[in-house]
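Have a look at the structure below, then the notes.
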Amino acid sequence: MTALLSPPVSRLAPRTLRGRLSLVALATAAFLMVILTVVFNTVVRHHLQRQADDELRTRAAAVATTVDTGRAGVRVLETSNDELLDTNVWIYAGPRLLERPPSATANSPVTRAATRLAARRGQHCATLEHAGGPVRLCAQAIGDAAAVVTALDLAPYRSSADTLLLASLALDAAVLTCTYVLTRLAVGRALRPVRTMTDQATQWSAIASTERFGGTGRPVELARLGASLDALLDRIRAVLRHEQQLTRELSHELRTPLSRIIAELDWWQARPRSAADTRTTHTAIADAARSMRTICDTLLDDARGDASTVPGTADILPVLRRLTERLDVPGHVQVVVDVAAPHLKAGVPPALLERIVSPLLDNALRYACARVTVVALRQPDGVRIDVTDDGPGVPSSFAGQLFQPGRRADPADGHGGAGLGLPLARRLARSAGGEVTHASGRTPGAGFVISLPAG
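Numbering-wise (my numbering), the sequence shown opens with residue 2 and increments by one.
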């Protein structure tokens with residue numbers, strides 16, 4: 002049964018926060034108004050009944066003054082207000098009825114009720130519900146021999162109570178209506194900053210925009226919400242920047258093996274080749290494809306934050322030789338590799354070492370005039386690899402921006418590059434506990450120092 006009823010109930014529930022809060026306020030106000038209305042009308046009816054009883058007792062006391070209970074028995078004295086006093090008055094001498102109202106018969110329901118009430122002795126009141134309308138009766142004993150019973154029509158009192166009930170219900174409806182309207186207005190005004198924040202969030206760009214919600218001039222709750230949303234925007238912005246940086250780095254690193262594949266295919270398609278030439282081309286393409294896979298694995302591992310925890314060591318000399326063989330070295334440039342110890346090891350995986358050294362070699366070959374030198378040697382705290390060239394060097398005014406992504410000293414100098422290789426090399430080295438620095442003061446040319454933990 003609950004499962005059958007819950008969907009319609011959920012459809013009837015307001016979908017907006019303002020509607021739900023207004024409904025809660027309306028229900029709370031309705032609950033309180035019902036309690037107050039019940040209490041108020043109960044008190045009013047009790048008060049009206051007490052008024053009726055007071056009037057009846059006053060009339061009974063006035064009639065009791067006209068009853069003589071002397072030695073001659075019980076008799077009713079004549080007074081100037083007999084007609085007024087005789088209205089709805091019954092006088093009993095013991096169980097015997099002495100007088101009754103002219104409009105009441107001896108066997109009428111009111112007379113029988115008055116008789117029963119007089120027989121109880123003392124002061125008692127009772128309400129009689131009959132076809133003629135509700136009647137209130139009160140009895141008062143006169144000594145031990147007589148009793149007076151007075152009656153009062155309760156219809157005017159009931160009518161007054163019903164009128165008050167209707168008036169209170171109308172007032173309740175008006176109060177509830179005002180409560181609902183005012184609550185909606187107040188909640189709508191209170192939620193206006195939330196709507197403003199929502200509109201701002203749909204208009205802002207998480208990357209380009211520097212706008213933030215802030216908390217100036219807002220309530221404490223909304224200020225805290227704004228601060229949380231600002232922190233979330235900052236994290237989203239950082240993640241998107243990281244993704245863009247990863248995309249640029251992948252594009253930068255994959256450009257060289259892709260260029261090699263294209264060059265091999267163009268060379269192979271230029272004219273008919275022998276089987277040996279075809280095998281050589283296939284080998285070169287396969288080697289470039291493996292290099293691309295290694296590049297993707299290395300960069301993606303670093304992007305996931307795993308590069309700093311990948312175990313392994315690398316023989317520096319084979320890695321450097323493999324890199325120089327793969328690179329497209331211009332004919333006028335000579336690459337010299339010098340390793341102080343033949344079995345010198347670095348405390349990083351071979352693929353990561355390649356990705357650290359490769360951008361520095363690419364940069365050196367791009368600017369070198371005749372010579373590029375790679376020197377590896379042992380240091381007390383690890384190993385060091387120096388990559389130097391005899392090119393124009395790094396302008397002193399640009400040295401502070403050298404490792405910023407996308408920055409180049411002179412983009413129109415005729416050399417390729419996107420300004421991403423050096424920042425990538427430094428970031429990968431730092432992820433492995435090392436560092437890449439610029440050897441300032443070297444002339445001519447540029448020099449870079451790679452510091453890595455020893456293997």
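Backbone N, C-alpha and C fix where the C-beta goes; we use that ideal spot for every residue, glycine too.
Residues L324 of the same chain have their beta carbon placed closer than 7 Å to that of S359, with the five preceding and five following residues left out of the count. Under the three-state reduction of DSSP output, R372 falls in the strand class. Distance between D235 and A228, taken at the CA atoms: about 11 Å. The beta carbons of T151 and V64 sit about 7 Å from each other, so the pair counts as a contact at 8 Å. The DSSP-derived three-state label of Q405 is coil. The DSSP-derived three-state label of P96 is coil. Judged by DSSP in its simplified three-state form, D329 adopts coil rather than helix or strand. Restricting attention to beta strand (DSSP E) runs no shorter than 3 residues, the segment 315-367 encloses them at 335-340, ordered along the chain. In this structure, DSSP gives V35 a helical state, which the three-state scheme calls helix.
Your pair F449 and L361 checks out as a contact, with CB atoms roughly 5 Å apart and the cut at 8 Å. Contact check for V77 against E56 fails: the beta carbons are separated by 9 Å or more.
Within the same chain, and ignoring the five residues on either side of L27 in sequence, the residues whose Cβ sits closer than 8 Å to its Cβ are L177, T180, Y181 and T184. Per the C-alpha coordinates, the member of A171, S432, E130 and R225 positioned closest to D154 is E130. Going by C-alpha positions, D339 is about 18 Å away from P351. Cβ contact annotation for L423 (same chain, cutoff 7 Å, sequence separation greater than five): P360, N364, L403 and F404, in chain order. Cβ neighbours of A430 within its own chain (closer than 7 Å, five residues either side excluded): I357, E436, V437, I451 and L453. T106 carries a coil assignment under DSSP once its states are collapsed to helix, strand and coil. Between M293 and P319 a beta carbon distance of about 20 Å is seen, past the 8 Å cut, so the two are scored as non-contacting.
Assignment of beta-bridge partners to E130 by DSSP yields P135. The three-state secondary structure of D288, taken from DSSP, is helix.
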